[in-house]
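The sequence shown runs 1 to 285 under the working numbering.
Ideal Cβ positions, reconstructed from N, Cα and C, are used throughout, including at glycine.
Just so it is clear, the structure is predicted and the values come from calculations on it, not from any experiment.
Written below as structure tokens is the structure these notes are about.
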Amino acid sequence: MPRKTIFDLYQMKKAGEKIAWLTSYDFPTAQFAQEAGMEMILVGDSLGMCVYGYNGTVPVTMDQCIAHCDAVRRGAPDCFVVGDMPFGSYQSSDEQAVDNAVRFLKGADVDAVKLEGGVRIASRIRAITDAGINVIGHIGLTPQSSGQLGGHKAQGRTAETAKLVVDDALAVQAAGAKMILVEAVPPEVQKYIWETLEIPVMSIGAGPHCDGQLLIVSDLIGQFQAFTPKFVKKYCNIAEVITKAMKEYVAEVKDCSFPDENKYCYKMIEGEQEKFLKSVKNPRK
1 MPRKTIFDLY
11 QMKKAGEKIA
21 WLTSYDFPTA
31 QFAQEAGMEM
41 ILVGDSLGMC
51 VYGYNGTVPV
61 TMDQCIAHCD
71 AVRRGAPDCF
81 VVGDMPFGSY
91 QSSDEQAVDN
101 AVRFLKGADV
111 DAVKLEGGVR
121 IASRIRAITD
131 AGINVIGHIG
141 LTPQSSGQLG
151 GHKAQGRTAE
161 TAKLVVDDAL
171 AVQAAGAKMI
181 LVEAVPPEVQ
191 KYIWETLEIP
201 VMSIGAGPHC
211 DGQLLIVSDL
221 IGQFQAFTPK
231 FVKKYCNIAE
241 VITKAMKEYV
251 AEVKDCSFPD
261 ENKYCYKMIE
271 GEQEKFLKSV
281 KNPRK
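Below is the structure:
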């Protein structure tokens with residue numbers, strides 16, 4: 001299968017075919033995602049919570065993101081891979097934003113980078129786009145600035161705040177972004193954005209009116225246990241499966257039923273055991 005490009009994704013939008021994408025942070029999960037038929041993978045700064053156990057995304061560094069992107073690219077060579085620009089990697093200046101976007105491409109071979117914000121970061125999007133790099137915007141609930149939003153809360157629930165979300169969407173498109181992700185806004189707001197913009201509009205917790213859906217893999221498989229957002233559907237509960245398996249392992253270690261010497265141990269070559277016992281001093285009886 002040839003590697004997905006931005007042109008393939010635009011063709012899917014034109015044809016009315018929904019785009020399925022997921023976050024991934026490591027090689028094996030990326031393999032699973034590609035095998036499952038995902039067109040896109042986001043190596044999100046949500047790895048801060050899902051992998052490192054941080055309270056939020058702010059502590060995540062460029063080095064961490066690049067290392068995880070590199071692993072995901074090896075696991076999913078045919079997917080369209082997006083690197084998430086972490087907090088502090090683009091806020092200072094357009095030049096800083098371009099430099100760090102270039103680091104993503106050179107260090108992990110991503111197909112695009114994602115930035116949070118609309119009107120306030122339009123110049124960053126334009127600068128990175130002008131440097132020849134695909135940009136995906138991210139508006140609505142923006143976790144990196146959740147402190148200013150009063151926490152991880154849905155956005156655009158009043159006429160006034162909905163207008164601000166729309167303004168952000170228009171600014172992202174005008175700045176040259178190739179795609180936009182809208183998070184945690186009411187479906188009515190998302191529908192207006194989807195019908196108004198020309199670029200692909202993606203949803204994470206923003207309803208069905210869109211060109212594609214994104215979920216956090218740790219939510220989808222029931223691995224992340226701290227909280228579950230309202231918009232998440234758990235397709236399995238891997239935490240229960242893993243915990244059950246580990247409990248069984250602990251019990252079998254304690255009662256000495258694992259490892260079974262006949263099933264899980266290597267055998268000496270026939271005739272070598274006697275030679276070995278003769279070669280060592282004071283062999284155990």
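Exposed or buried, which one is residue i when buried takes at least 16 other CB atoms within 10 Å?
i: Asp-167; result: exposed
i: Glu-183; result: buried
i: Cys-236; result: exposed
i: Ser-46; result: buried
i: Asp-211; result: buried
i: Gln-155; result: buried
i: Val-81; result: buried
i: Gln-225; result: exposed
i: Met-40; result: buried
i: Val-250; result: exposed
i: Leu-42; result: buried
In the DSSP assignment, find the beta strand (DSSP E) that holds residue i and state where it starts and stops.
i: Met-62; result: Note, Met-62: premise wrong, no beta strand (DSSP E); alpha helix (DSSP H) at 62-75.
i: Ala-20; result: 19-23
i: Met-40; result: 40-43
i: Lys-114; result: 112-116
i: Ile-139; result: 135-140
Using CA coordinates, which residue listed in the options is at the minimum distance from residue i?
i: Ile-238; options: Ala-15, Asp-8, Thr-228, Leu-220; result: Leu-220
i: Gln-190; options: Leu-170, Gly-176, Ala-175; result: Leu-170
i: Ala-71; options: Gly-53, Phe-27, Glu-248, Gln-144; result: Phe-27
i: Pro-200; options: Tyr-10, Val-119, Glu-272; result: Tyr-10
i: Phe-231; options: Ile-216, Thr-61, Glu-240, Gln-225; result: Ile-216
i: Ala-101; options: Arg-120, Gly-48, Val-119, Ile-125; result: Ile-125
i: Val-60; options: Arg-74, Gln-34, Ile-41, Tyr-25; result: Tyr-25
i: Ala-175; options: Ala-108, Gly-117, Glu-248; result: Gly-117
i: Ala-36; options: Cys-79, Ser-203, His-138; result: Cys-79
i: Leu-115; options: Gly-205, Leu-141, Glu-270; result: Leu-141
Return helix, strand or coil for residue i, following the three-state DSSP convention.
i: Ser-203; result: strand
i: Leu-9; result: helix
i: Met-179; result: strand
i: Val-232; result: coil
i: Ile-125; result: helix
i: Gln-213; result: strand
i: Thr-29; result: helix
i: Lys-281; result: coil
i: Gly-107; result: helix
i: Gln-155; result: coil
Between which residues of its own chain and residue i is the CB-CB distance below 6 Å, once the five residues before and five after are set aside?
i: Met-12; result: Ile-19
i: Ile-6; result: Asn-134, Lys-178
i: Gly-207; result: Pro-187, Gln-190
Note the first and the last residue of the continuous alpha helix (DSSP H) segment covering residue i.
i: Asp-84; result: Taken as a continuous stretch (DSSP letters only), Asp-84 belongs to no alpha helix (DSSP H), being part of the beta strand (DSSP E) at 80-84.
i: Gly-48; result: 47-50
For the ligand SAM, is there a heavy atom less than 7 Å away from the beta-carbon of residue i?
i: Lys-178; result: In terms of ligand content, the structure shown is empty, and the ligand SAM therefore cannot be addressed.
Near residue i, what residues of its chain come up, given a Cβ to Cβ distance below 7 Å and the 5 sequence neighbours on each side ignored?
i: Phe-104; result: Ile-66, Cys-69, Gly-83, Val-110, Val-113
i: Met-62; result: Pro-86, Ser-89, Asn-100, Arg-103
Whose C-beta lies closer than 8 Å to the C-beta of residue i among residues of the same chain, with five residues either side of it excluded?
i: Leu-197; result: Ala-169, Leu-170, Gln-173, Ile-180
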